[in-house]
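Heads up: the structure comes next, in structure tokens.
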Amino acid sequence: MKKQLCVFSVAILFATSLAFAALGQDNVMRKQANGTYVVNTTSLVANVRGYKGATPLEVYIKNNKVVKVVALKNRETPAYFNRVNKQMLPKFSGKSFSKVGSVDGVTGATFSSKAVKANVEAAVKYYKEHK
């Protein structure tokens, strides 16, 4: 009985993953109803590290521009990463892809700033390749 249940569960999981693949959906990028694409960098650039680890983001893209960048849960020092959230992330809004690299980091949060910038650049690259 347990073996049959396990086989059935695996079959359902496999069928679900095939259905998502057929729809063109993955864990990295999704399209919202308004046409905005959201790229999640959690697994996309897991090797990009801030001061205390990965700094995953969700990068919202529409009409070949970054709409907004939202930080996901991370282990960075809260006081410094709050500065990145308030001072750096809003600077990406409205940037064309060619200007994403020109966003300045936050003084005192150098590692976090560099990681955020690398995440945004990777999200843009992924979007261009998979849209």
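Under mature numbering (1 follows the signal peptide of the UniProt record, and there is no 0), read the sequence shown as residues -21 to -1, 1 to 110, first letter to last.
For glycine and all other residues, C-beta sits at the position ideal for the given N, C-alpha and C.
The three-state reading of DSSP puts Ser22 in coil, since its state is none of H, G, I, E or B.
The C-alpha of Asn43 is placed about 27 Å away from the C-alpha of Gly29. In the DSSP assignment, Arg62 falls within the alpha helix (DSSP H) that extends over 57 to 62.
By the neighbour-count criterion, in which 16 or more other beta carbons inside 10 Å mark a residue as buried, Leu51 falls on the exposed side.
When Glu55, Asn61, Met8, Asp83 are compared, the shortest CA-CA separation from Gly32 is found for Glu55. Annotation for Tyr39: the continuous beta strand (DSSP E) segment containing it runs 36 to 41. Of Ile40, Val7, Asn26, Asn19, the smallest CA-CA separation from Asn13 is found for Ile40. A Cβ-Cβ distance of about 13 Å is found for the pair Ser92 and Gly80, leaving them out of contact under the 8 Å criterion. A direct Cα-Cα distance of roughly 13 Å separates Lys96 from Val45.
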